[in-house]
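Residue numbers (full-length UniProt numbering): 1 to 359.
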């Protein structure tokens, strides 16, 4: 056991310190934990009173149940009971003014949760129930109006309730590793959401309302059945991490992101230039006449093509002074327009894949 304190103010009086009690990695059973708590209750020193403990670490033990004796910590704010063998969350936990509860990697089911989380509605900010036996979304979570971080990954949850937007302040929502087949459009109402993890599910589509998540930075979609993405996803200006691997859409999506289709204006201008069409200024619209003057010749010496606004960027390494290989940026008229198509195309495909999937 380790009992240590961290003062929240300059006052050195132990009574004003926040205590953390660490019982992790001790192979404790429920009964041996009771024994330790009884001993602490009866033999504590003046500055080690149970009511001064605000953080309790019980993770990585062999607890089958959380004993009622934990109730001696009246002012408990944070408790970590992860990586045990707990079958339930006892009702008495709701009597604590908790701000953080970590109960991941146990065997807790929906029926063994407290019937209500209402007593935590204004205090609880972080809840982790990942890696348990939850068969459906715990509706008690919808009572947690101040919740910021919700982790429900690696369960057997089949759907997210439409009124998920009741938890309006959510910053992180993790429901990866479940059995979801869709995401309700109401997720788009979670305006403060920064991280959405729905990987390793059975999703075939995403709602267009995802575009409303203006603060979203991380979107994990890998290991699903996605064949398309809503075009509105490009509106996510803060998005810095997008994970798409192991979805049917990946190759198509990579190509669509890399090769934007040429405009009708460009297609017309290319046809005229490539086929050496003779024309007079009276035969073509003025906008096309001006556009034709901006043509660029493809830098591939084996190609006679031209491009205007739509082009492919290609990195070519050139030997310099027999010592260095200098990367030069080339603009090509087409993705197929490379010197060694069999080699460079595969390299380009690999590079595009890394760019989209890995950033």
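Ideal Cβ positions, reconstructed from N, Cα and C, are used throughout, including at glycine.
As the structure is a prediction and not an experimental result, all values here were calculated from the model.
ask   = By how many angstroms is the C-alpha of residue 182 removed from the C-alpha of residue 248?
value = 16 Å
inquiry  = Please report the distance separating the alpha-carbon of residue 274 from that of residue 283.
reply    = 18 Å
request  = Excluding the 5 residues preceding and the 5 following residue 172 in the sequence, name in chain order all residues of the same chain whose CB lies nearer than 6 Å to its CB.
outcome  = 149 and 195
ask   = With C-beta atoms as the reference, is residue 81 less than 8 Å away from residue 113?
value = no
query = Quick one: what's residue 274 bridged to in DSSP?
reply = Answer by DSSP bridge pairing: none, since residue 274 is not bridged.
query = What does residue 100 pair with, by DSSP beta-bridge criteria?
reply = 78 and 126
request  = Go ahead and pull the three-state DSSP assignment for residue 186.
outcome  = helix
inquiry  = So, for residue 93: in the same chain, excluding its five sequence neighbours on each side, which residues have a beta-carbon less than 6 Å away from its beta-carbon?
reply    = none
task = Pick out whichever of 65, 36, 74 and 286 has its Cα sitting closest to the Cα of residue 380.
result = As shown, the chain starts at 1 and ends at 359. That puts residue 380 outside it, with no answer to give.
ask   = Using a Cβ-Cβ cut-off of 6 Å (strictly less than) and excluding sequence neighbours within five positions of residue 71, which residues of its own chain qualify?
value = 92
ask   = Which two residues bound the contiguous alpha helix (DSSP H) that contains residue 287?
value = 286-292
query = Short check: CB of residue 204 to CB of residue 227, under 8 Å?
reply = yes
request  = Under 8 Å by Cβ, that's how I've got residue 234 and residue 198 pegged, so tell me the actual separation to the nearest angstrom.
outcome  = Incorrect: roughly 19 Å between the Cβ atoms, too far for contact.
query = Which term fits residue 55, buried or exposed, when burial requires 16 or more other beta carbons within 10 angstroms of its beta carbon?
reply = buried
key: Contacting residues, own chain, Cβ-Cβ under 6 Å from residue 184 (five flanking each side not counted)   = 160 and 162
key: Cα-Cα separation between residue 60 and residue 232, rounded to whole angstroms   = 43 Å
query = Helix or strand or just coil, what does DSSP make of residue 197?
reply = strand
key: residue 126 versus residue 120 - alpha carbon distance   = 11 Å
inquiry  = If you follow the alpha helix (DSSP H) that residue 32 is in, where does it begin and where does it stop?
reply    = 30-43
key: Cut-off 8 Å between Cβ atoms - residues of its own chain near residue 186, not counting five sequence neighbours on either side   = 162, 163, 164, 165 and 209
inquiry  = Taking 8 Å as the threshold (C-beta atoms), are residue 129 and residue 167 in contact?
reply    = no
inquiry  = Taking DSSP's pairing of strands, which residues face residue 172 in a bridge?
reply    = 149 and 195
ask   = Hey, out of 244, 271 and 190, whose CA is closest to residue 201's CA?
value = 244
task = Just the C-alpha distance for residue 237 and residue 214, rounded to the nearest angstrom, thanks.
result = 7 Å
message = Going by DSSP, what residue range makes up the beta strand (DSSP E) through residue 54?
response = 53-57
key: Residues sharing a beta bridge with residue 306, DSSP   = 297
ask   = Helix, strand or coil: how does DSSP classify residue 109 here?
value = strand
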